[in-house]
Amino acid sequence: RLAFFGLGAAFFAIAVLDRALGLVVGFSSLLLTIFLTWLFAFLIGPLVSALDRRMPLGRGFAVAVAYGLVIGGIALFVAAVAQIGAPEAADLVGRTDEITASIATLVGDIQRAVGIDPSTVDLAALVEDLQRRTLPAVIEQLAEQTQSIAAGVVSVFGTLFIVVVLSLYAVADPDAITDTIERIVPNRHAETLVLVQRTVGRAFRGFLRAQIVLVLIQIGLTVGLGVAFGLPYLFLLAVTTAVLMFIPFFGPPLALIPIVFVALAFRPDVAFLVIAILVVTQTVLVNAIQPRLLREGVGLHPILVILALLLGSQVAGLWGAIFGIPLVAIVNLLLRYVVDARAVHEVEGLDLEDMVAEIQAEDPSVEVEEAVAIAAERAESIRETEEALEEPKRP
285 RLAFFGLGAA
295 FFAIAVLDRA
305 LGLVVGFSSL
315 LLTIFLTWLF
325 AFLIGPLVSA
335 LDRRMPLGRG
345 FAVAVAYGLV
355 IGGIALFVAA
365 VAQIGAPEAA
375 DLVGRTDEIT
385 ASIATLVGDI
395 QRAVGIDPST
405 VDLAALVEDL
415 QRRTLPAVIE
425 QLAEQTQSIA
435 AGVVSVFGTL
445 FIVVVLSLYA
455 VADPDAITDT
465 IERIVPNRHA
475 ETLVLVQRTV
485 GRAFRGFLRA
495 QIVLVLIQIG
505 LTVGLGVAFG
515 LPYLFLLAVT
525 TAVLMFIPFF
535 GPPLALIPIV
545 FVALAFRPDV
555 AFLVIAILVV
565 TQTVLVNAIQ
575 PRLLREGVGL
585 HPILVILALL
595 LGSQVAGLWG
605 AIFGIPLVAI
615 VNLLLRYVVD
625 ARAVHEVEGL
635 DLEDMVAEIQ
645 AEDPSVEVEE
655 AVAIAAERAE
665 SIRETEEALE
675 EPKRP
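Numbering follows our numbering, in which position 220 of the sequence shown is assigned residue number 504; successive positions increment by one, without gaps.
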């Protein structure tokens with residue numbers, strides 16, 4: 285009977301979770317706007333604080349300067365897209381026949397080098413036929429979706445405007461928001477609230493730092509190869525690489541596609557050298573640098589990174605895939621704190637607060653979470669020593 289009721293409770297919990305997720309999805313646009321507002325305020329807050337310390341004119345002036353710099357940067361980027369990116373994109377589309385001919389010639393050369401008889405299969409003709417059949421369909425579909433694309437662009441700029449305005453109020457008076465949250469949370473949970481705040485900050489700072497480093501490395505590699513081998517459309521390549529590279533896990537291989545395509549289409553004589561350099565660099569980046577950055581930044585094992593990516597994309601699409609990792613990192617850090625604290629409490633005679641104070645006295649730069657982890661390791665060592673001393677006494 286207990287097993288029956290337990291199974292029923294499990295199914296009920298799953299049903300409640302399903303309804304809760306459905307409710308979240310129903311308010312996904314509002315929740316996304318709130319999250320982006322917090323994220324924007326989280327990113328610009330350190331800049332405002334730094335300007336406030338250096339300028340004796342008050343926080344309001346620092347906020348105005350910081351937002352002026354950010355909005356100016358966005359305006360410069362939009363102007364660069366209009367002046368450089370749009371002409372490059374139009375020129376690229378206009379050279380479709382040239383691109384097809386170049387790739388067909390390259391494929392034909394590879395076919396002859398491999399020794400495949402064109403009478404058996406003509407790969408060059410297949411490339412040209414594929415271009416003739418697919419390009420008109422793509423252009424027609426884009427023409428049909430013009431209104432939807434325009435509406436999407438307007439929606440994005442509208443959301444961006446709302447995010448900037450809301451974050452402006454949040455950054456201008458962060459103490460009011462913090463005080464309100466502290467009044468809502470009972471005093472007995474004050475330390476837990478501080479722990480959550482630190483954990484959220486650490487997870488998102490680590491994640492964003494890791495992604496920005498990866499994006500900058502890939503942009504530098506793309507621009508360097510473009511300059512060294514004379515690849516065209518460097519602005520488009522840099523922008524698309526940055527956007528794709530910011531997607532965790534799946535972004536790095538996707539970021540190779542634009543530069544490989546341009547190299548094959550316009551510089552086939554050096555395309556394979558470019559591809560070889562990209563593959564070697566990407567292998568090092570994905571297998572050595574990225575896991576280390578994520579492990580140091582958010583403390584996640586690569587398996588947890590993949591699970592966070594899949595879970596986030598399932599719940600919230602692209603935004604969930606991007607920011608599912610720091611959210612899972614927050615849960616992971618909080619669980620590790622609870623487990624480490626329990627490990628200390630289980631050893632008789634040890635006090636967690638005293639051990640944390642002792643560790644921070646030895647190294648003031650150690651944060652509370654790290655000190656608790658160190659205390660757990662010491663407690664485990666003490667427990668093992670006590671068990672080793674007691675073992676000979678047992679009959």
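Virtual Cβ for every residue (Gly too), placed ideally from N, Cα, C.
Element boundaries [alpha helix (DSSP H), containing residue i]
| i | result |
| --- | --- |
| residue 466 | 458–468 |
| residue 343 | 343–364 |
| residue 501 | 474–513 |
| residue 384 | 380–398 |
| residue 537 | 535–550 |
| residue 367 | No alpha helix (DSSP H) holds residue 367; DSSP gives it neither H nor E. |
| residue 569 | Unbroken run through residue 569: none, as it is neither H nor E. |
| residue 639 | 636–646 |
| residue 650 | Run containing residue 650: none; DSSP gives neither H nor E here. |
| residue 404 | No alpha helix (DSSP H) holds residue 404; DSSP gives it neither H nor E. |
| residue 529 | 518–529 |
Contact set for residue i: own chain, Cβ-Cβ below 6 Å, skip 5 residues either direction
| i | result |
| --- | --- |
| residue 699 | An answer regarding residue 699 cannot be provided, because it is not within the stretch 285 to 679 covered by the chain. |
| residue 334 | none |
| residue 543 | 506, 521 |
Spatially closest choice to residue i from the options, by CA coordinates
| i | options | result |
| --- | --- | --- |
| residue 321 | 487, 347, 452, 356 | 452 |
| residue 620 | 651, 638, 596, 657 | 657 |
| residue 443 | 315, 460, 380 | 315 |
| residue 372 | 516, 404, 438, 333 | 516 |
| residue 616 | 362, 672, 479 | 479 |
| residue 659 | 638, 668, 298, 491 | 638 |
| residue 513 | 555, 333, 531, 481 | 555 |
| residue 331 | 319, 351, 318 | 351 |
| residue 661 | 647, 613, 636 | 636 |
| residue 580 | 333, 594, 490, 365 | 490 |
| residue 483 | 509, 341, 622, 299 | 622 |
| residue 496 | 655, 573, 363, 669 | 573 |
| residue 689 | 365, 509, 337, 328 | Residue 689 lies beyond the stretch modelled for the chain, which goes from 285 to 679, so this question has no answer here. |
| residue 558 | 507, 643, 469 | 507 |
| residue 384 | 545, 459, 597 | 545 |
| residue 440 | 526, 361, 317 | 317 |
| residue 653 | 640, 399, 390 | 640 |
| residue 365 | 518, 393, 401 | 518 |
| residue 381 | 594, 417, 560 | 417 |
| residue 445 | 467, 358, 397, 398 | 358 |
| residue 492 | 472, 598, 577, 338 | 577 |
Cβ separation of residue i and residue j, assumed to be a contact under 8 Å, to the nearest whole Å
| i | j | result |
| --- | --- | --- |
| residue 387 | residue 549 | 6 Å |
| residue 502 | residue 529 | 5 Å |
| residue 523 | residue 369 | 6 Å |
| residue 570 | residue 536 | 5 Å |
| residue 613 | residue 487 | 4 Å |
| residue 324 | residue 447 | 5 Å |
| residue 655 | residue 643 | 4 Å |
| residue 521 | residue 510 | 6 Å |
| residue 390 | residue 552 | 4 Å |
Sequence-distant residues of its chain with Cβ nearer than 7 Å to residue i (five each side left out)
| i | result |
| --- | --- |
| residue 590 | 533 |
| residue 540 | 562, 566 |
| residue 286 | With a pLDDT of 49 at residue 286, under the threshold of 50, the modelled position of this residue cannot be trusted, and the question is left open. |
| residue 469 | 477 |
| residue 703 | Given that the chain is displayed from residue 285 to residue 679, the structure contains no residue 703 and the question cannot be resolved. |
| residue 298 | none |
Cβ shell of residue i (< 8 Å), same chain only, five flanking positions each side left out
| i | result |
| --- | --- |
| residue 456 | 343, 344, 347 |
| residue 326 | 485, 488 |
| residue 465 | 477 |
| residue 526 | 499, 502, 503 |
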